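Participant:
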Amino acid sequence: MGQGMKRVVSLKINGREVEEVVPDNLLLVDFLRDRQGLTGTKTGCDGGECGACTVLVNGRARLSCITLAASCDGSDIETIEGQAARGRLSALQRAFHQHLGAQCGFCTPGMIMASEALLRQNPSPDEAAIRTALGGNLCRCTGYVKIIKSVQAAAAEARS
Amino acid sequence: MSEAMAPFRLIRPASLDEAMAALAVEGAQPCSGGTDLLVRLRKGLLEPAALVDLTGIAALRDVVCDESGMWVGAGATLATLARNPDLAAYPAVIQAIDSVAGPTHREVATLGGNLCQDPRCVYLNQSHWWRKSNQFCLKYRGDTCHVAPKGNRCRAAFSGDVAPALMVHRAQIELAGPAGARQMPLAEFYNEDGAAHTALQPGEIVVAVHLPPPGPVSEYGKVRVRGSVDYPLAGVAVACEPTPDGLRFTLAVTGTNSKPLLVDIPDPLGEDADAFFAALVKTVQKAVSPQRTTTIAPHYRRLSVAALAGRIARRLAADAP
Ligand SMILES: Cc1cc2nc3c(=O)[nH]c(=O)nc-3n(C[C@H](O)[C@H](O)[C@H](O)COP(=O)(O)OP(=O)(O)OC[C@H]3O[C@@H](n4cnc5c(N)ncnc54)[C@H](O)[C@@H]3O)c2cc1C
Ligand code: FES
Ligand code: FES
Chain A
1 MGQGMKRVVS
11 LKINGREVEE
21 VVPDNLLLVD
31 FLRDRQGLTG
41 TKTGCDGGEC
51 GACTVLVNGR
61 ARLSCITLAA
71 SCDGSDIETI
81 EGQAARGRLS
91 ALQRAFHQHL
101 GAQCGFCTPG
111 MIMASEALLR
121 QNPSPDEAAI
131 RTALGGNLCR
141 CTGYVKIIKS
151 VQAAAAEARS
Chain B
1 MSEAMAPFRL
11 IRPASLDEAM
21 AALAVEGAQP
31 CSGGTDLLVR
41 LRKGLLEPAA
51 LVDLTGIAAL
61 RDVVCDESGM
71 WVGAGATLAT
81 LARNPDLAAY
91 PAVIQAIDSV
101 AGPTHREVAT
111 LGGNLCQDPR
121 CVYLNQSHWW
131 RKSNQFCLKY
141 RGDTCHVAPK
151 GNRCRAAFSG
161 DVAPALMVHR
171 AQIELAGPAG
181 ARQMPLAEFY
191 NEDGAAHTAL
201 QPGEIVVAVH
211 LPPPGPVSEY
221 GKVRVRGSVD
231 YPLAGVAVAC
241 EPTPDGLRFT
251 LAVTGTNSKP
261 LLVDIPDPLG
271 EDADAFFAAL
281 VKTVQKAVSP
291 QRTTTIAPHY
301 RRLSVAALAG
311 RIARRLAADA
321 P
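From first to last, the protein sequence lines stand for chains A and B. Residues in the first sequence are numbered from 1 upward in steps of one, following this note's numbering. Residues in the second sequence are numbered from 1 upward in steps of one, following this note's numbering.
Written out as structure tokens, the structure reads:
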């Protein structure tokens, strides 16, 4: 068995500079939830299958349950907690609320972060582009139709 | 808190030389996007002493296109390759890349990782307690292959989408290791053994794939349960090229054997197209050997991948100039 190692990582989480000692085998999702108290990011499976743990690393969607915290040294990380600014929900959060894109809400942080990554790259996605971008995010409740409507509404709001 | 993985050292080399040195140490395992490896580490399917993260090596991400064809670095991500206009001249490759896992996986998943990903089996890709209660299996910690208990080799199925597509375009694979660099046809890189499915020697890595200049038209198709985030139950790439004797087809199948399988179609398309395609379908049915490695019956996978091969071949023939 390998000998465990630790290292100091410096990264930005939702705009805040963070410096912490982490073991090399610590997953980003555990770092965020257990060390940073950012429990908005969810764990829905035992690795890589559901998308509930999606966060942004340097602006791109990443599965935090199969990403090592140690490999994020120097990265800019955004989680669902970084969506609302000064108490105001983001366009995506409002749209998911208004268009019933969230039911039990477990998949929602991952859905919103994957949608956020999409809208940054493509502010006017058609339905096919939304379906493709959310292809790795599973929802057991909504049947997806309202999730897609929510992303379309958020995109429309951002354009208006 | 997720169940802790066995401890390891993470090494992040910035150059190929540094990576080679790090990989020379016993128990070191290369890691690219981690979308296959991290899942297996979490399930306790291997316990490397060190992970050598190859993603910091810029040279491995290069993609070069010139008159000799395309040189694609093993570290190029599937998301970047899907957007590469030069790669569009190899349609099956782009289609296969687009069908790998989900979009978030493809952001970090690399070509090298895709080609080296571990073969899969319902008795293997399970949690530690599941495998333990089943006395583990031949591939890891156990002594019996539950798929073929009388056999003496692991039957786990190679389930990468991109390899067959590269194979029908006659790709070569470039390796670098302690004994130097070497190159071989991609088809020869693989062994029919689920526990040792590649030619990689200790400390050796995939550096790149070389594609000859574009020629054949091609298509990749995949049988799976869901339209996204699903490994192939079986997949097939077909390439079609005009020759003086008529159209010639090259096929490669994934998901049915422990290696991606080149299927030889010796004759070109003749006068009787229906008989030709019926024979092609039969050839695929006979060539593949799906086992009970997925929850879907092997017979279904055999028939469906052969039917898919026939359908794609007909389509390519109809579109051929
Ligand atoms: C939910 C889910 C669904 C998936 N669906 C599919 C699918 O449909 N089709 C498919 O093909 N794959 C699928 N995958 C597997 C995986 O995402 C892909 O194979 C991916 O391309 C692996 O690339 P990576 O860079 O993440 O590899 P890694 O996980 O980093 O590595 C994979 C293996 O290759 C070795 N390795 C990595 N780079 C090199 C190198 N340069 N030289 C030598 N060895 C190397 C590693 O040691 C490891 O054993 C899926 C994975 C998940 C979690
Ligand atoms: S928790 Fe990360 S994909 Fe399911
Ligand atoms: S809202 Fe319940 S899982 Fe998606």
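No residue lacks a Cβ here, since even glycine has one placed at the ideal position from N, Cα and C. In this text, all values refer to a predicted model and were calculated from it rather than measured experimentally.
State buried or exposed for Leu100 (chain A), treating a residue as buried only when at least 16 other CB atoms are found within 10 Å of its CB.
Facilitator: Counting Cβ neighbours within 10 Å, Leu100 (chain A) comes out exposed, since fewer than 16 surround it.
Participant: Tell me where the alpha helix (DSSP H) around Thr222 (chain B) begins and ends.
Facilitator: The amino acid at residue 222 (chain B) is misidentified as Thr; the sequence shows Lys. Lys222 (chain B) -> not in any alpha helix (DSSP H); beta strand (DSSP E) instead, spanning Val217 to Val223.
Participant: Mind checking whether Thr254 (chain B) and Pro232 (chain B) have CB atoms under 7 Å apart?
Facilitator: Taking 7 Å as the Cβ cut-off, Thr254 (chain B) and Pro232 (chain B) qualify as a contacting pair.
Participant: Contact criterion: CB-CB distance below 7 Å. Does Leu10 (chain B) meet it with respect to chain A?
Facilitator: Answer yes: the Cβ-Cβ gap between Leu10 (chain B) and chain A drops below 7 Å somewhere.
Participant: Taking a Cβ distance cut-off of 8 Å, strictly less, list which residues of the stretch 139 to 160 of chain B are near chain A, in chain order.
Facilitator: Listed in sequence order: no entries.
Participant: On the three-state DSSP scale, how would you describe Gly139 (chain B)?
Facilitator: Reading off the sequence shown, one finds Lys at residue 139 (chain B), where the question assumed Gly. Correct three-state label for Lys139 (chain B): coil.
Participant: With DSSP as the reference, please indicate the residues paired to Tyr190 (chain B) in a beta bridge.
Facilitator: For Tyr190 (chain B), which the question treats as bridged, DSSP gives the partners B:Thr198.
Participant: Under a Cβ-count criterion, where at least 16 other Cβ atoms within 10 Å of its own Cβ denotes burial, should Arg182 (chain B) be classed as buried or exposed?
Facilitator: With fewer than 16 Cβ atoms within 10 Å of its Cβ, Arg182 (chain B) is classed as exposed.
Participant: In this structure, what does DSSP give as the bridge partners for Gly177 (chain B)?
Facilitator: Its beta-bridge partners are B:Gly180.
Participant: On a CA-only basis, which of A:Ser10, A:Ile148, A:Asn25 and A:Pro109 is nearest Glu19 (chain A)? Give me that one, please.
Facilitator: Among A:Ser10, A:Ile148, A:Asn25 and A:Pro109, the Cα nearest to that of Glu19 (chain A) belongs to A:Ser10.
Participant: Does Arg120 (chain B) have its Cβ less than 7 Å from a Cβ in chain A?
Facilitator: By this cut-off, Arg120 (chain B) is not an interface position.
Participant: Let me check understanding here. Comparing Cα to Cα, which of B:His146, B:Gly113 and B:Thr110 lies closest to Asn125 (chain B)?
Facilitator: Of the candidates B:His146, B:Gly113 and B:Thr110, the one whose C-alpha sits nearest the C-alpha of Asn125 (chain B) is B:His146.
Participant: Let me make sure I understand the geometry here. Which of B:Thr243, B:Leu111 and B:Glu271 has the alpha-carbon closest to that of Glu174 (chain B)?
Facilitator: Nearest C-alpha to Glu174 (chain B): B:Leu111.
Participant: What does Arg42 (chain B) reach in chain A if we use C-beta pairs closer than 7 Å?
Facilitator: Chain A residues near Arg42 (chain B): Asp46 and Gly47.
Participant: Heavy atom of ligand 3 less than 6 Å from the Cβ of Cys104 (chain A), yes or no?
Facilitator: Answer for Cys104 (chain A): yes, Cβ within range of ligand 3.
Participant: Do you know offhand how far Ser115 (chain A)'s Cα is from Ala153 (chain A)'s?
Facilitator: Near 12 Å, if we compare the C-alpha coordinates of Ala153 (chain A) and Ser115 (chain A).
Participant: According to DSSP, is Asp245 (chain B) helix, strand or coil?
Facilitator: Asp245 (chain B): coil per DSSP, three-state reduction.
Participant: Since Cys107 (chain A) contacts Ala52 (chain A) with CB under 8 Å, what's their CB separation in whole angstroms?
Facilitator: Right, their Cβ atoms sit about 6 Å apart.
Participant: With 8 Å as the limit, tell me which residues of the stretch 97 to 116 of chain B have their beta carbon closer than that to any beta carbon of chain A; keep them in chain order.
Facilitator: Under the 8 Å Cβ criterion, the stretch 97 to 116 of chain B contributes Ala101, Gly102, Pro103, Thr104, His105, Glu107 and Val108.
Participant: Can we count Gly142 (chain B) as close to ligand 4, meaning its CB is less than 6 Å from some heavy atom?
Facilitator: What this structure holds is ligand 1, ligand 2 and ligand 3, not ligand 4.
Participant: Flag Arg140 (chain A) as yes when its Cβ comes closer than 6 Å to any non-hydrogen atom of ligand 3, and as no otherwise.
Facilitator: Within the cutoff, so yes.
Participant: Does the stretch 129 to 145 of chain B touch the stretch 91 to 109 of chain B, meaning 3 or more C-beta pairs lie closer than 8 Å?
Facilitator: Because the criterion of three Cβ pairs below 8 Å is not met, the stretch 91 to 109 of chain B and the stretch 129 to 145 of chain B do not touch.
Participant: Can you tell me where the alpha helix (DSSP H) with Leu119 (chain A) in it begins and where it stops?
Facilitator: Leu119 (chain A) -> alpha helix (DSSP H) spans Thr108 to Gln121.
Participant: Can the beta-carbon of Val39 (chain B) be found closer than 7 Å to that of Ile147 (chain A)?
Facilitator: No; because the gap between Cβ atoms is not below 7 Å, this pair is not in contact.
Participant: Name the DSSP beta bridge partners of Ser90 (chain A), please?
Facilitator: The partner list for Ser90 (chain A) (beta bridge, DSSP) is empty, contrary to what the question assumes.
Participant: Counting contacts by CB-CB distance shorter than 7 Å, is Val229 (chain B) in contact with chain A?
Facilitator: For Val229 (chain B), the answer is yes, since a Cβ of chain A falls inside 7 Å of its Cβ.
Participant: Between Leu316 (chain B) and the rest of its own chain, which residues show a CB-CB distance below 7 Å, the 5 nearest in sequence each way excluded?
Facilitator: These residues qualify, in order along the chain: Val217, Glu219, Val238 and Cys240.
Participant: Roughly how many angstroms separate the alpha carbons of Phe96 (chain A) and Gly160 (chain B), rounded to a whole number?
Facilitator: Rounded to whole angstroms, Phe96 (chain A) to Gly160 (chain B) spans 35 Å at the Cα level.
Participant: How is Thr132 (chain A) classed by DSSP in three states: helix, strand or coil?
Facilitator: In this structure, Thr132 (chain A) counts as helix in the three-state DSSP scheme.
Participant: Is the separation between the beta-carbon of Met167 (chain B) and that of Leu262 (chain B) shorter than 7 Å?
Facilitator: Result yes, Cβ atoms of Met167 (chain B) and Leu262 (chain B) sit closer than 7 Å.
Participant: Exposed or buried, Thr35 (chain B), counting other C-beta atoms within 10 Å across all chains shown (16 or more means buried)?
Facilitator: It counts as buried.
Participant: State yes or no: is the C-beta of Leu32 (chain A) within less than 7 Å of the C-beta of Thr41 (chain A)?
Facilitator: Taking 7 Å as the Cβ cut-off, Leu32 (chain A) and Thr41 (chain A) qualify as a contacting pair.
Participant: Given a limit of 9 Å on CB to CB distance, which residues of the stretch 66 to 87 of chain B reach chain A?
Facilitator: Answer set for the stretch 66 to 87 of chain B: Ala79.
Participant: Anything in chain A within Cβ reach of Met20 (chain B), meaning under 9 Å, just list it in chain order.
Facilitator: None at all; the shortest Cβ gap to chain A is about 19 Å.
Participant: Which residues in chain A have a C-beta closer than 9 Å to the C-beta of Ser127 (chain B)? List them in chain order.
Facilitator: Result: Asp46.
Participant: Tell me the DSSP bridge mates of Ile103 (chain B)?
Facilitator: Residue identity differs from the one stated: residue 103 (chain B) is Pro in this sequence, not Ile. Bridge partners of Pro103 (chain B): none, in fact.
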